[in-house]
Amino acid sequence: MRNIKLTINPKDVNAIIGKGIDLIGLVTILYYDRALSLDPNNILALNNKGLALGRLGIYTGAIKYYDKALAIGQQDKLIDLLIALSTIFMWTRIYIN
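Going by the working numbering, the sequence shown opens with residue -19, and the numbers climb by one from there.
This is the structure:
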């Protein structure tokens, strides 16, 4: 379904983020970059790019995106929770590895 949305509207930020979620590795970061080029303050794209960078071991880059997502100051508690969980996941990986 997400591929159809991208075919219909390549500027659909949510479809692009969704496609990034479906992928892994460096390719997923390209989708988040595309989403952020369309909507630089999209908290979900910022969070997910941070998570993807953390999974690749690029922790400094990940922190940059988490910090930006937090600085936007959205009141949505679900987004806050996702950012917090992603940050915990990333820091756990840093100290365990």
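Even glycine gets a Cβ: it sits at the ideal position worked out from N, Cα and C.
Rounded to whole angstroms, what's the CA-CA distance from residue i to residue j? Just pull it up for me.
i   : j   : result
D13 : G37 : 18 Å
I9  : P20 : 14 Å
A42 : K48 : 10 Å
Y46 : S66 : 8 Å
Anyone know if the C-beta pair for residue i and residue j falls short of 8 Å?
i   : j   : result
N27 : I52 : no
I believe residue i touches residue j by the beta-carbon criterion, under 8 Å. Please report the beta-carbon distance rounded to the nearest angstrom.
i     : j   : result
L16   : N22 : 6 Å
K(-9) : L18 : 6 Å
Could you give the first and the last residue of the continuous alpha helix (DSSP H) run that contains residue i?
i     : result
K48   : 39 to 52
D13   : 6 to 18
K(-9) : Looking at the DSSP string, K(-9) is not in any alpha helix (DSSP H), and its letter there is neither H nor E.
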